[in-house]
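Engineer: Just passing along the structure, written as structure tokens.
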Amino acid sequence: MQKLSLFIVCGLLMPKLLFAGEFYTDFERNFRYVVPYKHNTTKEAVERSDGVLTVTIEPGMFGASSDRSNGKERAELGISLSDRDVWVRQEFRVRAQSGFPTNSRVMISQIKFSDAPKGFGSPPIAVYMSQGGAVKCNDYSSGHPSQDHHRLRGVRLDDGNWHSVVMELVISDTAGLCRVVVDGRTMIEMKGIDTHQNGKDLVGRIGPYRDQLSVTQVVQFDDWKVQSYPKLAR
Ligand SMILES: [Ca+2]
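When you line the sequence shown up against this note's numbering, it's residues 95 to 328, in that order.
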């Protein structure tokens with residue numbers, strides 16, 4: 095509570111310096127999101143009913159201009175975050191409905207800067223439903239993305255049950271943090287790293303992004319929450 099009070103006071107004193115934001119939907123009603131690429135495959139892929147978001151990704155859903163030539167397909171939803179924010183948290187519940195298991199790469203969530211410099215396209219944090227579930231953190235300190243990417247242990251994200259995912263990121267050139275917690279267990283954690291992708295707009299994203307496949311995959315989401323706060327407030 096003390097930290098919260100401090101934050102509110104700081105927010106009043108320095109509203110331009112200290113931006114804080116929070117987005118939440120339980121998918122019971124319509125909500126606003128951004129499509130963080132050119133062609134709106136998302137509109138075609140998403141359906142909201144019974145308080146759950148269902149995303150159906152089909153062959154040929156090329157979202158970004160380069161997807162067709164790069165052999166990628168996607169149907170993502172994004173929440174824009176202030177680039178002044180240094181601490182970002184994205185959480186949701188997710189379950190596989192069909193098209194799994196697969197070893198072909200299927201990302202289901204990432205936090206990413208748009209327009210990152212060439213060679214910096216790999217996001218600082220990502221979660222996959224392929225390989226039974228996997229996580230990734232990137233450290234850019236060497237001048238290129240250096241990743242720790244590994245499969246989840248002790249849980250399968252693609253087993254058809256609901257799973258909770260919490261992604262935390264501190265954006266920093268030297269003191270960054272990347273952490274993913276699944277069903278209450280920390281699956282990856284990197285501290286003191288360079289998480290700054292040096293792009294333009296920071297966006298929290300859910301929805302499949304995959305290497306091109308000939309099968310349809312269905313993934314459901316619920317309780318999507320995105321928060322961003324200045325590090326000082328924590
Ligand atoms: Ca719900």
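No residue lacks a Cβ here, since even glycine has one placed at the ideal position from N, Cα and C.
With DSSP as the reference, label S308 as helix, strand or coil.
Structural biologist: Note: S308 maps to coil in three-state DSSP.
Engineer: Answer yes if the region 287-297 comes into contact with the region 205-213, meaning at least three C-beta pairs across the two stretches below 8 Å, and no otherwise.
Structural biologist: Yes, since at least three Cβ pairs between the region 205-213 and the region 287-297 fall closer than 8 Å, the two stretches touch.
Engineer: Going by DSSP, what residues sit across from R279 in a beta bridge?
Structural biologist: Note: R279 sits in a beta bridge opposite V276.
Engineer: Within 10 Å of its beta-carbon, does D252 have 16 or more other beta-carbons around it, so buried, or fewer, so exposed?
Structural biologist: With 16 or more other Cβ atoms within 10 Å, it is buried.
Engineer: Could you spell out where the beta strand (DSSP E) holding D295 opens and where it closes?
Structural biologist: No beta strand (DSSP E) holds D295; DSSP gives it neither H nor E.
Engineer: How about V146: is its Cβ closer than 7 Å to a heavy atom in ligand 1?
Structural biologist: Under cutoff, so the answer is yes.
Engineer: Roughly how many angstroms lie between the CA atoms of I265 and H257, to the nearest whole one?
Structural biologist: Computed Cα separation, rounded: 26 Å.
Engineer: Please classify P130 as buried or exposed, where buried requires at least 16 neighbouring CB atoms within 10 angstroms.
Structural biologist: P130 is buried by the Cβ-count criterion.
Engineer: Check the Cβ-Cβ distances between V274 and every residue of chain C, and say whether any is below 8 Å.
Structural biologist: No chain C is part of this structure, which consists of one protein chain only.
Engineer: Run through DSSP, which three-state label would Q291 get?
Structural biologist: Q291 falls in the coil class under three-state DSSP.
Engineer: Please go through the same chain and pick out, in chain order, the residues whose beta-carbon is closer than 7 Å to the beta-carbon of T150, but skip the five residues on each side of it.
Structural biologist: These residues qualify, in order along the chain: A139, T310, V312.
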